[in-house]
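The sequence shown lines up with residues 39 to 341 when you count with this note's numbering.
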Amino acid sequence: MVWSFQKTGKFMNESHKAISTSLLPQYTSSAAFMDRFLLAIHKDGQEIERSQNDQKIKLVDQKEIASDALDYFTSFKPKMEKDFFKDISSRIGKKKARLFCEILANDWYDGLTLRNGLRVRSIKLGVYYYLSTFLGGSVEISNVVNSHDTFSGVTQELLPYDIAAILTVNDQMMYQHIEAWKAIHPNVFMLSTDDIFIRRGLALSKDLDTSTLYKEWDYLNSYSIAFSAPEKFSQMTRGSIPAIINGNINLFLNRILFFSPFVPDMPNGQLEVGVIPALKPLPILSQGVHGGIHEYILDPAPF
């Protein structure tokens with residue numbers, strides 16, 4: 039195929055869409071995405087296929103789990119849960135640790151009424167005060183998050199140092215288990231942390247304005263270490279613009295409040311990462327439309 043391109047340019051002319059998608063930095067290290075690319079190049083002008091929104095609950099595709107060794111996070115979930123609960127309990131106490139994990143496993147994962155209820159908002163209120171500690175007040179916080187929640191009637195369950203402790207535990211465990219996962223990944227010899235991305239699928243009413251810095255939507259936001267579940271989330275609203283926002287995992291240091299494999303009894307099918315706002319908004323770049331989905335990357339590395 040490469041020889042054909044060098045001689046005639048035909049290969050690139052017919053398959054440039056699939057090639058350009060496969061070269062996006064958020065996909066270059068994925069064996070699952072390479073499988074999609076190899077299927078696409080057999081048909082003239084074929085784009086790389088994206089996962090379709092045909093499930094009520096948006097789960098990571100089994101093909102992606104198998105190809106990218108993501109079953110690591112299922113196989114070791116019982117030990118991760120035990121370690122996570124033990125570590126946060128030692129820092130914030132068992133009562134708060136138990137409540138935090140229960141809210142995530144039940145209310146947050148509900149995705150509907152309970153996610154917008156008082157208990158989830160109590161966690162978000164803790165994040166608000168954590169951010170306020172660093173940023174100095176509501177005006178400054180509005181520069182990093184779009185949420186206008188006034189937290190009326192919400193009881194604060196987690197103090198700023200509780201949030202800080204949970205973030206620290208997540209950073210430590212993410213480092214440990216990302217390294218262990220990389221060691222069994224099929225691309226282990228070419229995979230570095232710079233190649234690990236998390237992403238968020240959104241159904242947009244209009245294209246994002248990349249001339250302004252990116253702010254998170256809320257005090258707690260759903261990302262995934264996989265790409266197939268966000269693909270499905272991006273297609274949830276008919277008539278909207280499917281989009282995925284990608285960020286290198288290093289951008290989320292001190293921002294990960296939970297990872298579903300760590301949380302006791304939390305369903306694991308989305309490999310969900312709960313992210314709080316950054317202390318300053320980030321640059322965002324449009325990477326164009328690929329397979330019907332608009333791709334964006336946060337704080338991209340220079341070319």
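Positions of the beta carbon are idealized from the N, C-alpha and C atoms, including for glycine.
Item to check | Under the three-state DSSP convention, the category residue 105 falls into | outcome: Translated into the one-based positions of the sequence shown, residue 105 becomes position 67. Helix at residue 105.
message: Given this structure, state the Cα-to-Cα distance separating residue 243 from residue 280, to the nearest angstrom.
response: In the sequence shown, counting from the first residue as 1, residue 243 sits at position 205. In the sequence shown, counting from the first residue as 1, residue 280 sits at position 242. The C-alpha of residue 280 is placed about 9 angstroms away from the C-alpha of residue 243.
Item to check | Burial state of residue 165 (16 or more Cβ within 10 Å) | outcome: In the sequence shown, counting from the first residue as 1, residue 165 sits at position 127. A buried status is given to residue 165, since no fewer than 16 other beta-carbon atoms sit within 10 Å of its beta-carbon.
- [ ] Just grab the DSSP bridge partners of residue 237 for me.
- [x] Within the sequence shown, residue 237 is the residue found at index 199, counting from 1. Residue 237 pairs with 262 and 284.
- Query: Is residue 297 helix, strand or coil by DSSP?
  - Reply: Against the sequence shown, residue 297 aligns to sequence position 259. In the three-state reduction of the DSSP assignment, residue 297 falls in the strand class, which pools E and B.
I'd like the span of the beta strand (DSSP E) that includes residue 310, first residue to last. On the sequence shown, position 272 is the one that residue 310 refers to. That run of the beta strand (DSSP E) goes 310-313.
May I ask you to verify whether the region 76-90 touches the region 104-124, counting CB pairs closer than 8 angstroms and requiring at least 3?
-> Counting Cβ pairs under 8 angstroms, fewer than three are found: no touch.
- prompt: At which residues does the alpha helix (DSSP H) containing residue 90 begin and terminate?
  reply: Here the question's residue 90 lines up with position 52 in the sequence shown. Counting along the chain, residue 90 falls outside any alpha helix (DSSP H), and DSSP gives it neither H nor E.
Open item on the list: My output table needs one value for residue 66: the three-state DSSP class, helix, strand or coil.
Closed with: As a first step, residue 66 is located in the sequence shown; it is residue number 28 there, counting from the start. Looking at residue 66 - three-state DSSP - the assignment turns out to be coil, as it is neither helix nor strand.
Check your understanding: Does the region 310-322 come close enough to the region 166-185 that 3 or more CB-CB pairs lie under 8 angstroms?
Key -> Contact between the region 166-185 and the region 310-322 is present, because at least three Cβ pairs lie under 8 angstroms.
On the DSSP letters alone, give me the boundaries of the beta strand (DSSP E) that residue 18 sits inside. As shown, the chain starts at 39 and ends at 341. That puts residue 18 outside it, with no answer to give.
Using only alpha-carbon positions, find the residue among 239, 137 and 220 that is nearest to residue 229. Looking up residue 229 in the sequence shown gives position 191. Closest by alpha carbon: 220.
Using only the alpha-carbon positions, how far apart do residue 176 and residue 124 sit? Numbered from its first residue, the sequence shown carries residue 176 at position 138. Numbered from its first residue, the sequence shown carries residue 124 at position 86. Taking the straight line from one Cα to the other gives about 34 angstroms.
_Judging by CA-CA distance, which residue of 132, 294 and 332 is the nearest neighbour of residue 202?_
For this step, residue 202 is matched to residue 164 along the sequence shown. Ranking 132, 294 and 332 by Cα distance to residue 202 puts 294 first.
task = Give the range of the beta strand (DSSP E) segment to which residue 327 is assigned.
result = Residue 327 sits at position 289 when you count from the first residue of the sequence shown. Boundaries of the beta strand (DSSP E) around residue 327: 322-328.
Note to self: Can you confirm whether the region 141-160 touches the region 325-337 when touching is taken to mean that 3 or more C-beta pairs between the two stretches lie within less than 8 angstroms?
What the structure shows: Using a C-beta cut-off of 8 angstroms, the region 325-337 makes no contact with the region 141-160, since fewer than three inter-stretch Cβ pairs fall below that distance.
- Item | Element boundaries [beta strand (DSSP E), containing residue 141] | As a first step, residue 141 is located in the sequence shown; it is residue number 103 there, counting from the start. Premise fails: residue 141 is in no beta strand (DSSP E) and is neither H nor E.
Return yes when the C-beta of residue 202 is under 7 angstroms from any heavy atom of the ligand MN, and no when it is not.
Summarising the ligand content, the structure contains no ligands, and the ligand MN is consequently not present.
For the beta strand (DSSP E) that contains residue 215, what are its first and last residues? Walking along the sequence shown from the start, residue 215 turns up at place 177. Unbroken run through residue 215 is the alpha helix (DSSP H), 198-222; no beta strand (DSSP E).
query = Quick one: what does DSSP say residue 257 is sitting in, helix, strand or coil?
reply = Reading the sequence shown from its first residue, position 219 is the one you call residue 257. Residue 257: coil per DSSP, three-state reduction.
Exercise. Rounded to the nearest angstrom, how far is the Cβ of residue 126 from that of residue 222, given a contact under 8 angstroms?
Worked result: Sequence index remark: in the sequence shown, residue 126 carries index 88 (1-based). Sequence index remark: in the sequence shown, residue 222 carries index 184 (1-based). Actually they do not touch by this definition, with Cβ atoms about 26 angstroms apart.
query = So, are the CB atoms of residue 139 and residue 305 less than 8 angstroms apart?
reply = Looking up residue 139 in the sequence shown gives position 101. Looking up residue 305 in the sequence shown gives position 267. The Cβ atoms of residue 139 and residue 305 do not sit closer than 8 angstroms to each other.
Exercise for the section: Excluding the 5 residues preceding and the 5 following residue 323 in the sequence, name in chain order all residues of the same chain whose CB lies nearer than 7 angstroms to its CB. Expected result: As a working note, residue 323 is residue 285 in the sequence shown. Cβ neighbours of residue 323 beyond the five flanking positions: 248, 334, 335 and 338.
query = Helix or strand or just coil, what does DSSP make of residue 269?
reply = Looking up residue 269 in the sequence shown gives position 231. Residue state, collapsed to three classes: helix.
| said: Quick test of your reading: residue 227 and residue 287, contact by CB under 8 angstroms. State the CB separation rounded to the nearest angstrom. | reply: Your numbering for residue 227 matches position 189 in the sequence shown. Your numbering for residue 287 matches position 249 in the sequence shown. Wrong, their Cβ atoms sit about 19 angstroms apart, outside the cutoff.
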